[in-house]
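Note sheet for the following structure.
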Amino acid sequence: IRDTNLILADVIKYIRMLSKGLNSDMLASYGLRESIKFELDRISQTALIECKFDTEGDDFLIDAKKEIILYRMIQEILNNILKHAEASEIHIHMKYTASAFILNITDNGKGFNPEQLVNLSINDAGSGLRNLQKRAQLVGATLQISSEPSKGTRIYIVLPKQPQHATTT
């Protein structure tokens, strides 16, 4: 009974973490950096994948709607790594520059041929990659996917910084 209670407590904890991750309120409350950390911590708790996360530069304000879409893209990418890559490492590098927000996500998994997947029908594999491209276009970002079989995958997202409008009084 004690073992069952421990397992049940772990399941409840995992479900709570998962629901927090799906909730965009978390993103609004804690920001993109902390929300990504939360996702990677959740994955690390499985002890199957080592997650690394580092950042450069000072955060700048990203439009809330764009930030939510970026966050959903990251969740989709992480989900794809967990489902398909058979990776033992995930590394996310987030960089704020004077002109852009840059996100680099890599894994050491089995890799794939991106052109083959994108060209499959909507009902086959590859619709996730098309959805990532569409979301990137929606927020004005560029998305590059580099992968080769048995060499892992690298996803590079660049969102240009929106100019700040001067306010007049």
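Counting the sequence shown from 1 gives a position; my numbering is that position plus 11. Backbone N, C-alpha and C fix where the C-beta goes; we use that ideal spot for every residue, glycine too.
When the five nearest sequence neighbours on each side are left out, the beta carbons in the same chain lying within less than 6 Å of the beta carbon of Thr164 are those of Asp118, Gly122 and Ser158, in order along the chain.
The stretch 93–103 makes no contact with the stretch 73–82; the number of CB pairs closer than 8 Å stays below 3. In this structure, the straight-line span from the alpha carbon of Gly120 to that of Asn91 is close to 11 Å. For Lys63, DSSP records a beta bridge to His102. Distance between Asn124 and Ile18, taken at the CA atoms: about 39 Å. It is roughly 8 Å from the alpha-carbon of Lys63 to the alpha-carbon of Leu51. In the displayed model, Ala96 falls within a helix according to three-state DSSP. Here Leu59 is exposed, its C-beta having fewer than 16 other C-beta atoms within 10 Å. Distance check between Phe112 and each of Gly151, Phe49 and Asp14 places Gly151 closest, using alpha-carbon atoms only.
If you draw a straight line from the Cα of Ala39 to the Cα of Leu154, it is about 24 Å long. Secondary structure note for Ala111: its beta strand (DSSP E) is the uninterrupted segment Ala111 to Asp118.
Here Gln173 is not near Ile85, since their CB atoms are 9 Å or more apart.
Separation of Phe49 and Tyr167 (C-alpha to C-alpha, rounded to the nearest whole angstrom) is 20 Å.
With distances taken between CA atoms, Leu140 lies nearest to Leu89 out of Leu89, Tyr107 and Ser110.
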